[in-house]
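S.K.: Numbering (our numbering), first residue to last: 2 to 241. Note that CB positions come from ideal geometry on N, CA and C, so glycine has one too. I have a structure here, written as C-alpha cells, and I will follow up with some questions on it.
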Amino acid sequence: MKNKYIFVLFIGLPLLLSACIPYGRSRPAYADLCDKKPDIYTITENGKQRTFELHRYLYNTKRFWSDERIEQSHFTIKPNIPPHDWKAPPEFYVTLILIEKHKEEQASHLPVYYDASQASVTMNDGRVLKAYPELFLSTRWDTPMEAPQFRKIGLVDLNDSKLNLYTDKESRARQIHKGSGSVSVVFPISDIDRKFDADAKWTVHLGSIKILDQHYAISDLKTCHISEKKWVGIEPLMRP
2 MKNKYIFVLF IGLPLLLSAC IPYGRSRPAY ADLCDKKPDI YTITENGKQR TFELHRYLYN
62 TKRFWSDERI EQSHFTIKPN IPPHDWKAPP EFYVTLILIE KHKEEQASHL PVYYDASQAS
122 VTMNDGRVLK AYPELFLSTR WDTPMEAPQF RKIGLVDLND SKLNLYTDKE SRARQIHKGS
182 GSVSVVFPIS DIDRKFDADA KWTVHLGSIK ILDQHYAISD LKTCHISEKK WVGIEPLMRP
C-alpha cells in the first residue's frame, strides 16, 4: 500500500506543478462602446408613469473566455453567400434591448416603435453609412439571424413580448430581464471593405423611438479603443 501511495505521488505531483506554473497571458485590444448606460424614458399615460430602458450592445461578452479575442459574431447577408460563411466579409451591428420597468403590473400594452432605416454610422474618415432598412431578430448569444422570418421592416414594436420567443438563456436580454427580447440594427460595412476593429472610432446614430405618437431621441453611441490586457495566469486556478 505504501508503494502505491509513493507511485501516485511520483506521477501526480509533477502534473500538478506543471498545471500551476505562472505564465503570461493576454487578451487582444478591441473596440467597444465608450458609454454603455441605457437611455431611460419616462412616459405619462392616463395619469400613470411608465418607464422604459433602451440598452445597446456590440457584444455578448458572456460568450468569451478571459483571453479570447472579443469580436462580433460573424454575420453577413450578401446574396448567394451563406449567412455563416467565414470567408464572406462580416457586417457591423448594434443589439437593442428594450425593458419596461414593472411591465407585469401594467393594465395595458404600450408599444415602443423603432424603424431601422433611420440609423447610420459615421466612420473614422467621415464616411456615413446607412443601416439596412430591416431590424434583425436575435437568437443565441444575441446574434442577428439572416432568414426572412427574422427580418422586420418598417416600424417594429420593441416592447412586443413576441420578440422574447426568439431569444434563449444565453441572450443578454434574458440576463437583464427574462421577459425581453433583442434585435439588431445592421450596417453593410462589407460593401466598402471595412472591418470593425480595435482602431475603429465610429459614431452610431440610431435616431429615435416613437411612443404615443411622440418621438424620443436615442443618444448617439461612440466606440473607443480598449487596450490589450496582459496578466500572469496560473492555470487552471487563476482567471482575471
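Determine the DSSP secondary structure at residue 76, reduced to helix, strand or coil.
M.R.: In this structure, residue 76 counts as coil in the three-state DSSP scheme.
S.K.: Ends of the beta strand (DSSP E) at residue 148?
M.R.: Looking at the DSSP string, residue 148 is not in any beta strand (DSSP E), and its letter there is neither H nor E.
S.K.: How is residue 139 classed by DSSP in three states: helix, strand or coil?
M.R.: In the structure shown, residue 139 sits in a strand (DSSP, three-state: E or B).
S.K.: DSSP three-state label for residue 231, please.
M.R.: Reduced to three states, the DSSP call for residue 231 is strand.
S.K.: Kindly give me the distance between the Cβ atoms of residue 40 and residue 219, rounded to whole angstroms, as I take these residues to be in contact under 8 Å.
M.R.: About 6 Å separates the two Cβ atoms, so the contact holds.
S.K.: Between which two residues does the beta strand (DSSP E) containing residue 106 stretch?
M.R.: Neither: residue 106 is in no beta strand (DSSP E) and is coded neither H nor E.
S.K.: Nearest by alpha-carbon distance to residue 49: which of 38, 152, 90, 102 is it?
M.R.: That would be 102, whose Cα lies nearest to the Cα of residue 49.
S.K.: My understanding is that residue 214 touches residue 155, with C-beta atoms under 8 Å, so please give their C-beta distance in whole angstroms.
M.R.: 16 Å between Cβ atoms; not a contact.
S.K.: With a 10 Å radius around its C-beta and 16 neighbouring C-beta atoms as the bar for buried, classify residue 132 as buried or exposed.
M.R.: So residue 132 ends up on the buried side.
S.K.: Assuming residue 190 is part of the beta strand (DSSP E), what are its boundary residues?
M.R.: It is not in any beta strand (DSSP E) - residue 190 carries neither H nor E in the DSSP assignment.
S.K.: I'd like to know whether the C-beta atoms of residue 212 and residue 44 end up nearer to each other than 8 Å.
M.R.: Yes.
S.K.: Based on the DSSP secondary-structure assignment, which residues constitute the bridge partners of residue 46?
M.R.: DSSP output for residue 46 lists 49 as bridge partner(s).
S.K.: Please name the residue in 184, 189, 222 whose C-alpha comes closest to that of residue 202.
M.R.: Closest option to residue 202, Cα to Cα, is 222.
S.K.: Opposite residue 122 in the DSSP bridges: which residues?
M.R.: Beta-bridge pairing links residue 122 to 130, 205.
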